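Using our numbering, count along the sequence shown one by one with no gaps and you end on 286.
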Amino acid sequence: MPRKAMQELGFQACCLRCDAPDEAGVARCSTCIQHHRSVRETIAAAPPDEPLYQLARELMAMASEPHRYDHDEVHGSSLMEQQRLAASLVDGPAKPDGLSVAQLFEQQRSTAKANALRDVGNQNPWKDAPLEAHRAQAMGEETWTLDGQEDAHYGARTVPSRPIQKVDRSERVGEDTTLTDRVHAAASQDGPDEETSKIFEDIEFNRRQSERQALKSAMDDVKELVDDDLEF
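Written out as structure tokens, the structure is:
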């Protein structure tokens, strides 16, 4: 099994191919760890543009993470072999049998699932069993009884004490069309000076007002035609 120090240094590949006994406190392992730590420090302190140390960094990256570089044309086979050696040291998961599956199902059934709405929010005393019919009827009668009095106006139409004047809604068009046309006319101008922009703004405003008036006149004509047809 690779030593933890060698894994942290990125040289666990050496442990996988080492013939030293897999025992704690072996003197050979201490010597190897010290040597590889010196190699790691030398590579880290080397100039980044040195070709030899660039190759050393690439090889160390491959050895520390073989699964990322096992597609390499030159070193791919060695990296896959390293992964096979590491996998052989790990025991595979035991295949489940009928007893373990039954125990798992029983454990899941016995585990109560928390529900905040049900366990905390719902404090209704009848959440588990419905209220008896006679108690429910008595509760309803007690709730809706007006202290023994009858409501004479229950369900009756409201009669106002004085006449209500009808509101004239003919002028409620939903928006201030004059202000809207003025804003759009001002936004569409980009004249050289303020005086010129004001002239063209007034022209655009009058055009919009004329179109709106023509549309209103046409809609009134259509309304008259529809009203005449309804009279027949």
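Using N, Cα and C, we set each Cβ at its ideal position, and we do this for glycine too. Please read all numbers here as calculations on a predicted model, not as lab measurements.
(request) Measure the Cβ-Cβ separation of Ala115 and Ile87 and say whether it is below 8 Å. (result) By one-based count along the sequence shown, residue 115 stands at place 61. By one-based count along the sequence shown, residue 87 stands at place 33. Contact flag unset, no.
(request) For the segment 253-269 and the segment 235-243, state whether three or more C-beta atom pairs, one from each stretch, are separated by less than 8 Å. (result) yes
(message) So, does the segment 164-171 touch the segment 66-84, judging by three or more C-beta pairs under 8 Å?
(response) no
(message) Would the segment 119-127 count as touching the segment 91-98 if we require 3 or more Cβ pairs under 8 Å?
(response) no
(message) Here's the rule I'm using: 16 or more other beta-carbon atoms within 10 Å means buried, otherwise exposed. How should Phe286 be labelled?
(response) Here residue 286 refers to the residue found at position 232 of the sequence shown. Low confidence applies here, because Phe286 scores a pLDDT of 48, under 50, leaving its location unreliable; read the following figure in that light. Flag for Phe286 reads exposed.
(request) Count the other CB atoms, across all protein chains shown, that sit within 10 Å of the CB of Gln191; report buried if there are 16 or more and exposed otherwise. (result) Within the sequence shown, residue 191 is the residue found at index 137, counting from 1. Per the 10 Å Cβ criterion, exposed.
(request) Evaluate Leu14 with the Cβ neighbour count: other Cβ atoms within 10 Å of its Cβ, from every protein chain shown; 16 or more gives buried, anything less gives exposed. (result) Because the chain in this structure spans residues 55 to 286, residue 14 falls outside the shown range and cannot be described.
(message) Do Leu70 and Leu139 count as a contact pair if the criterion is CB distance below 8 Å?
(response) To locate residue 139, count along the sequence shown from 1; it is residue 85. To locate residue 70, count along the sequence shown from 1; it is residue 16. The answer is yes: Cβ separation under 8 Å.
(message) Just verifying my parser: in three-state terms, what is the DSSP assignment at Val144?
(response) Locating residue 144 in the sequence shown gives position 90, counting from the first residue. Reduced to three states, the DSSP call for Val144 is coil.
(request) Report the three-state DSSP secondary structure of Leu185 (helix, strand or coil). (result) Here residue 185 corresponds to residue number 131 of the sequence shown, with the count starting at 1. Of the three classes helix, strand and coil, the one that applies to Leu185 here is coil, per DSSP.
(message) Less than 8 Å between the C-beta atoms of Asp235 and Gln267, yes or no?
(response) Here residue 235 corresponds to residue number 181 of the sequence shown, with the count starting at 1. Here residue 267 corresponds to residue number 213 of the sequence shown, with the count starting at 1. It is not a contact, given that the beta carbons lie outside the stated cut-off.
(request) Quick one: grab the DSSP three-state call for Asp282. (result) Translated into the one-based positions of the sequence shown, residue 282 becomes position 228. The answer is helix: DSSP assigns Asp282 an H, G or I state.
(message) Determine whether the beta carbon atoms of Ser63 and His90 lie at a separation below 8 Å.
(response) Taking the sequence shown and counting its residues from 1, one reaches residue 63 at position 9. Taking the sequence shown and counting its residues from 1, one reaches residue 90 at position 36. Per the sequence shown, the amino acid found at residue 63 is Leu instead of Ser. For Leu63 and His90, yes; Cβs fall inside 8 Å.
(request) Answer with buried or exposed for Arg189, where buried requires no fewer than 16 other C-beta atoms within 10 angstroms of its C-beta. (result) As a position in the sequence shown, residue 189 is number 135, starting the count at 1. It is exposed - the Cβ of Arg189 has fewer than 16 other Cβ atoms within 10 Å.
(request) Just the C-alpha distance for Asp222 and Ala272, rounded to the nearest angstrom, thanks. (result) To locate residue 222, count along the sequence shown from 1; it is residue 168. To locate residue 272, count along the sequence shown from 1; it is residue 218. If you take the alpha carbons of Asp222 and Ala272, they lie about 22 Å apart.
(request) Count the other CB atoms, across all protein chains shown, that sit within 10 Å of the CB of Arg163; report buried if there are 16 or more and exposed otherwise. (result) Residue mapping note: residue 163 aligns to position 109 of the sequence shown, counting from 1. Exposed is the call here.
(request) Output yes or no for whether 8 Å exceeds the beta carbon distance between Gln136 and Ala67. (result) The count along the sequence shown starts at 1 and reaches residue 136 at position 82. The count along the sequence shown starts at 1 and reaches residue 67 at position 13. Closer than 8 Å, so yes.
(message) Taking its Cβ as the centre, do 16 or more other Cβ atoms sit within 10 Å of Phe65, making it buried, or is it exposed?
(response) Counting from one through the sequence shown, the residue named residue 65 turns up at place 11. Buried is the call here.
(message) Here's the rule I'm using: 16 or more other beta-carbon atoms within 10 Å means buried, otherwise exposed. How should Lys277 be labelled?
(response) Counted from its first residue, the sequence shown places residue 277 at position 223. Lys277 should be labelled exposed.
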